[in-house]
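As structure tokens, the structure follows; a few thoughts come after it.
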Amino acid sequence: MRRFDTSGAPYLQPGTTVSQLMSRLLLSLAPAAAVYTWFFGPGLLLNILVASAIGLIAEASVLQLRKKPLRPHLGDYSVLVTAVLFAWCLPPATPWWITAIGMVFAVVFAKHLYGGLGHNPFNPAMAGYVLVLISFPQELTRWLPVSGLYEHGPDALQTLWATLTGQLGGGLQWDAVTMATPLDYMKTEMARMTTMPEIKSHPMFGDFAGRGYEWVANFIALGGAWLIYKHVIRWHIPVAVLVGVLLPATLVYLLDPGSNGSPGLHLFSGATMLGAFYIATDPVSAATSPRGRLIFGFGVGLITFVVRKWGGYPDGIAFGVLLMNAAAPLIDHFTRPRVYGHEE
Amino acid sequence: MRDPHQLKQFHGGLKLDGRKLESTSAMLGTLPLPRRLLLPLVQHSGRAAIPIVKAGDKVLGHQEIARPDGDRSCSLHAPTSATVIGIQCLPIPHPGGLTADCLVLEPDGREEFAHSLPTLDPASLDMATLVQRVRDAGIAGLGGAVFPTGLKLAGAASRESLTLVVNGAECEPYISCDDMLMREQAHEILLGTRILLNTLGATAAIVAIERDKRQALGCMQAAIERLGDERIRLQQIFTIYPAGGERQLVQVLSGKEVPADGLPIDIGYLCQNVATLLAIYHAVTEGTPLVSRITTVTGSGIAKPGNFLALLGTPLSVLIEAAGGYTDQASRLIMGGPMMGIALTSDEVPVVRATNCVLVMAADEVRTSGEQMPCIRCGECEQACPAQLQPQELYWRIQGNNLAGADELGLGACIECGCCDLVCPSHIPLVQHYRYAKGKVRTAKTQREQSDVARQRFETRKERLENEAARRKQRLEEKRKTRAPGEQAPKAIKGEIDAILARTQSKHRDPTQGDGTS
């Protein structure tokens, strides 16, 4: 008599895998990375390289310590996603040890000490970023100008040298080549009571936000739209984050256009787009129900705006994400959807 | 025919590849008379039927061979004239591979039939007679749940406004038995529908069929026009799994949800599968009990997929042989569909009332176990859940052994459709967790009930004993009071007591003496 194997229903194969989701996410960032490199040189790629290498080593070591199989967990690409997002937040030409410290903190402390993939309450990339942002304030504000703005920007080789040694070499001084980001510049100038039109007349500003930055933001948004189309992420969080930034930004802009950045500037500067589509959407540390995700995303956007406007940092996505991460379980508790056939 | 765009949709669900063409391209097949028929005494949801024949008996086709044990039970009839071999404990189609008592018949090939049930006039049928006939004919829901139909109809008896839903939505991939039935016997299905409409006094009947079942839609539409009963109308619905589930179908058709611990009848809807309606029609107009059903035999593990009219009790091996046998790829044998079916170890189990499909899948089509990743809270399961549950949160609670917590989140509303499993990127077997937890919750509830009953019994007994003791004490007291103070017990009684004492003492001294029993 022929014997068949049994198992529980359903028998059809699932449609996706975690690695598929993560690799799609990485793929969708490629065009934006190319644009970034075009405008700001290869610094981002070097950051990504360092972060990925250190991330993989850290992940493999912890997995070994935790006696977990390496292949499926390294193969889920989650550590690469963390690495890329973390690297993206750093200024190009960040010394490698800073990247390494942030990445080790992200993987070992923010992720694995809480139980690894799926169990971390905080977004690992943001935890790592905030650690280095607070620890290395000077290095983390050394942003490079958009190419073509000044003649004396570092070339590819100098960027590599800076990444490896922390020194520019070739007789260049940091002060001579670095430059504030548009948000940073705006913050400093505002404090000096410069009016918005004056600020925006600076050549670093493009059509509606920072020159170069606005194009990176466009391509990040395009990548994010593709992710939504491919069901890698859902629309709730990105839309809510953008609304969370736009709503208060528009409000204060209408009240006082002279001393507030335009809504467009807020939307296309800093990490708004990256935060909305790639960072806040990390499902592990976000709220899970659709309603919860709207609240979560709106909170991220709102906190971002508050930090930008009144806080001590030019951008606030990382703080917004981490604070809302902490609130996610509570949001989940209060936004549980009504079950079929049950009363509200 | 109404447009499905006006309908409300249920939450979630999946668009699955139907794969029904393989089995619907052939004509309805018939089977040779099997050598043995194996009829499990439980092939409905409820209590086992009680056999009323013994080994060696000759039975005619349609003769009752087991009668129902109470309302939640179903009688069994001989599918054809046969000799009773006996009652044997044999493997049945069950997920645990269980064995159960089966009546084993050996068909004699004469195909003689008894006419034990008289035909009834559908025009002058009252509710009680209909329910009795449905029970006598051993009809249970043929959509898969096999709930005794008589009980379901009785529950609908006293409803004032009632809509009958003719469930022609066969939402699981591969299965096409209802599709074939609607193509071949649309008119009879509608006559069965009309019997229920008239007898139940229902206001309308909605025939719900997915829009991709073109032929079935055409046949049913033609039959409705031919019958000309204005109460019956056809409704196309979207092809989204699990649209054929009662709760989902009612939600689609009415826009209302069935209460969590209620039934569709509570909001005025009665669902009947098309095959069940046909069985009711035959039982009423011809007095024929339910002894056969259409079963789809399909999948890439089957050489010539098709639909077959099978006598209940036919071993699956007979069906598979009729469908050209297994292909080289055959790797998984399933009774039912690929979403909710039961995996079987062998084809030596019989066709039962619930056997709508025999699916044989190839190894590379079946999901593999063991490649599970941690839950990343992506929420896709929640998007897919037709019960609007949060499968991920249920899963965490079950993982944390917080079963009461899972129950609180509405675990009971899970219909085990498997949508969450299919969309989970971490490949977590979610439904298995829910099945396990449901079982545990059920057991805990039963135990609690039992311990409640035991405690109550103990307390009642204690109270009774205390009452008795109190009463005795009171009686004694009253006696003592009625007796004058200082008065001795009557002499005669005292003497008797002394005599008894003396006797027992002598017995203790010499155990050999006595009445011989000590």
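From first to last, the protein sequence lines are chains G and V.
So the first sequence is numbered by my numbering: it starts at 1 and just counts up by one.
So the second sequence is numbered by my numbering: it starts at 1001 and just counts up by one.
Glycine residues also receive a C-beta, built at the ideal position from the N, C-alpha and C atoms.
Taking residue i as the reference, give the member of the options with the closest Cα.
i	options	result
G/G210	G/F4, G/F40, G/E59	G/F40
V/E1160	V/Y1281, V/M1340, V/L1359, V/A1204	V/A1204
V/G1339	G/F4, G/P10, G/D5, G/R2	Before going further, note that residue 1339 of chain V is Met rather than Gly in the sequence given. Checked all of G/F4, G/P10, G/D5, G/R2; the closest Cα to V/M1339 is G/P10.
V/G1201	V/M1182, V/A1156, V/Q1236	V/A1156
G/L144	G/G75, G/V18, G/G212	G/G212
V/Q1383	V/L1014, V/L1007, V/H1005	V/L1014
V/P1429	V/Q1392, V/L1333, V/T1504	V/Q1392
V/R1377	G/L12, G/L227, G/W38, G/L21	G/L21
G/P31	G/A221, G/K230, G/V130	G/A221
V/Y1281	V/E1408, V/L1190, V/G1379	V/L1190
V/I1342	V/L1021, V/H1094, V/I1052	V/H1094
V/L1090	V/A1470, V/D1421, V/R1036	V/R1036
V/T1193	V/S1124, V/I1206, V/D1407, V/I1050	V/I1206
V/T1295	V/G1412, V/D1179, V/F1113, V/P1259	V/D1179
With a threshold of 7 Å between beta carbons, is residue i in contact with chain V?
i	result
G/Q64	no
G/S7	yes
G/Q138	no
G/F4	yes
G/M1	yes
G/L322	no
G/Y340	yes
G/R291	no
State the DSSP-derived secondary structure class of residue i, mapped to helix, strand or coil.
i	result
V/A1208	strand
V/K1213	coil
V/G1516	Unreliable positioning characterises V/G1516 in this predicted model, as indicated by a pLDDT of 43, which lies under 50. A coordinate reading is not provided.
V/Q1236	strand
V/R1332	strand
V/H1187	helix
V/N1307	strand
V/H1005	helix
V/E1468	helix
V/T1460	helix
V/K1058	strand
G/I101	helix
G/P203	coil
G/Y313	coil
V/C1424	coil
For chain G, is any of its Cβ atoms less than 7 Å away from the one on residue i?
i	result
V/M1388	Strictly speaking, residue 1388 of chain V in this sequence is Gln, with Met absent from that position. Chain G, which has a Cβ nearer than 7 Å to the Cβ of V/Q1388, makes this yes.
V/I1376	yes
V/G1439	no
V/T1517	Confidence in V/T1517 is poor, its pLDDT being 44 and thus under 50, which makes the residue's placement unreliable; the coordinate value appears in the next sentence. No, V/T1517 lies away from the interface with chain G (no Cβ there is under 7 Å from its Cβ).
V/S1292	no
V/H1427	yes
V/K1015	no
V/Q1432	yes
Tell whether a beta-carbon distance below 7 Å holds between residue i and residue j.
i	j	result
V/S1073	V/G1029	no
V/V1134	V/G1150	yes
V/C1357	V/G1324	no
V/H1044	V/P1148	yes
V/F1458	V/Q1248	no
G/A87	G/N47	yes
V/D1101	V/I1087	yes
V/E1330	V/V1360	The amino acid at residue 1330 of chain V is misidentified as Glu; the sequence shows Ala. The answer is yes: Cβ separation under 7 Å.
G/D93	G/T159	According to the sequence displayed, residue 93 of chain G carries Ala and not Asp. In this structure, G/T159 lies closer than 7 Å to G/A93 by Cβ.
G/R3	V/T1355	no
V/C1171	V/A1283	no
G/L25	G/V306	no
V/H1427	G/P14	yes
G/N120	G/D282	no
Throw me the rounded Cβ distance for the residue i and residue j pair, which I believe falls under 8 Å.
i	j	result
G/F277	G/G244	Not confirmed; about 14 Å, so no contact.
G/R308	G/A240	At roughly 17 Å, the Cβ-Cβ gap does not stay under 8 Å, so G/R308 and G/A240 are not in contact.
V/L964	V/L1319	In this structure chain V extends from 1001 to 1518, so residue 964 of chain V is not present and cannot be described.
G/T82	G/G55	6 Å
G/I237	G/A280	5 Å
V/G1306	V/A1026	4 Å
Compare the C-beta of residue i against all C-beta atoms of chain A and say whether one is closer than 7 Å.
i	result
G/Q13	Absence of chain A from the displayed structure is noted, the protein chains being G and V.
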